[in-house]
Ligand SMILES: Cc1cc2nc3c(=O)[nH]c(=O)nc-3n(C[C@H](O)[C@H](O)[C@H](O)COP(=O)(O)OP(=O)(O)OC[C@H]3O[C@@H](n4cnc5c(N)ncnc54)[C@H](O)[C@@H]3O)c2cc1C
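In the working numbering, the protein residues as written are 65 to 352.
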């Protein structure tokens, strides 16, 4: 199928984009990498009257380190993050995650802001944002506001961004030096969205877990923060047994959706296995 007819606007800066959106908030759609929106339009699952294309807005591009945080413009491509020098040394979880997104062609076009705004519960960036306790900056007609990861994801494919707001920037506070982190998932085929996966950050004090952040994908209507597993880990010795028990603790907490790709029970099982592996990998990456 072909998309329904639409108008097209190509603003040159963020202010212009905000004004264009504010003029028709309920009829317009922001176009970023187009990797999710364009197929939806082709299937007529999305029929915007006007597309506001951010691809000419240079101020939304780029990746930088700032005060211990990785700061990504909304239009930074997945590839820009993947190529960011020293990323794996600073936070292996982000490097793992970005390498798991689709295929190289998808990573060349798809954007960090687009992925977060799209809010697929199996996507990697929303989980990274949640695992690192990050935030986004939203720009609207009344100025900018910061939204923490915990308040951003509402339900399937829905965020708390207002209809007249544009996601402008993403802030990811990086874990302290020495912390170990990992993102591990299972997909049916290379490049597919994950059936389930886990993002983990572990800080150790000797053998003892000083801090843990655990987020699952593909098991709920948004990235799922496994607080029971986190509290189980905090203060415990990071033995194989502790990690396995923490991973098993998620079972009763989640009620994944069944679909053609896997039953609820299968996803629950996969999530537990991915979490155990992510915890073991994160532990192996802790440095003195
Ligand atoms: C074959 C295939 C495999 C894929 N595999 C994966 C995968 O494994 N993991 C994964 O995470 N993703 C995957 N994707 C999706 C890909 O990562 C997309 O890039 C991403 O979901 C959307 O980003 P985009 O820049 O393409 O956004 P678009 O498609 O342009 O937009 C997506 C939605 O977000 C809105 N939006 C975009 N930017 C903004 C903004 N700045 N402010 C407000 N709203 C905005 C748009 O209006 C639209 O509703 C895959 C896509 C394909 C086609």
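Beta carbons are placed, not taken as given, at the ideal position from N, Cα and C, and that holds for glycine.
Closest Cα partner of residue i within the set the options
i, options, result
"residue 236", "210, 227, 315, 101", "210"
"residue 324", "136, 189, 252, 240", "252"
"residue 68", "76, 102, 77", "102"
"residue 312", "163, 326, 278, 287", "278"
"residue 285", "183, 66, 130, 274", "183"
"residue 314", "292, 297, 305", "292"
"residue 93", "178, 307, 303, 174", "178"
Coil, strand or helix - residue i by DSSP
i, result
"residue 347", "helix"
"residue 235", "strand"
"residue 121", "coil"
"residue 97", "coil"
"residue 284", "coil"
"residue 223", "strand"
"residue 266", "strand"
"residue 324", "coil"
"residue 245", "strand"
Span of the beta strand (DSSP E) around residue i
i, result
"residue 217", "217-219"
"residue 73", "71-73"
First and last residue of the uninterrupted alpha helix (DSSP H) at residue i
i, result
"residue 82", "78-87"
"residue 259", "Here residue 259 belongs to no alpha helix (DSSP H), and DSSP marks it neither H nor E."
Three or more C-beta pairs below 8 Å linking the region 207-225 and the region 79-91:
Too few Cβ pairs lie closer than 8 Å, so no.
Below 8 Å, how does it come out for the region 223-233 and the region 321-337: are there three or more Cβ pairs, yes or no?
The region 223-233 vs the region 321-337: no contact.
Specify whether the region 229-248 and the region 147-165 touch according to this definition: at least 3 beta carbon pairs, one from each stretch, less than 8 Å apart.
Yes, the region 229-248 touches the region 147-165.
Do the region 260-273 and the region 195-203 touch if we need at least three Cβ pairs shorter than 8 Å?
Yes, since at least three Cβ pairs between the region 260-273 and the region 195-203 fall closer than 8 Å, the two stretches touch.
Restricting to runs no shorter than 3 residues, where is the beta strand (DSSP E) found entirely within the region 101-177?
The region 101-177 contains these whole beta strand (DSSP E) runs: 114-117, 127-130, 133-137.
Below 8 Å, can you find three or more Cβ-Cβ pairs linking the region 138-151 to the region 105-114?
Pairwise C-beta distances place the region 138-151 out of contact with the region 105-114, as fewer than three of them are shorter than 8 Å.
In the region 173-212, which residue ranges form an unbroken beta strand (DSSP E) of at least 3 residues, counting only runs that do not cross its ends?
Those beta strand (DSSP E) runs which fall completely within the region 173-212 and span 3+ residues are 199-204, 207-212.
Counting Cβ pairs, one atom from each stretch, are 3 or more of them under 8 Å apart for the region 71-87 and the region 159-168?
When Cβ pairs closer than 8 Å are counted between the two stretches, the region 71-87 is seen not to touch the region 159-168, the count staying below three.
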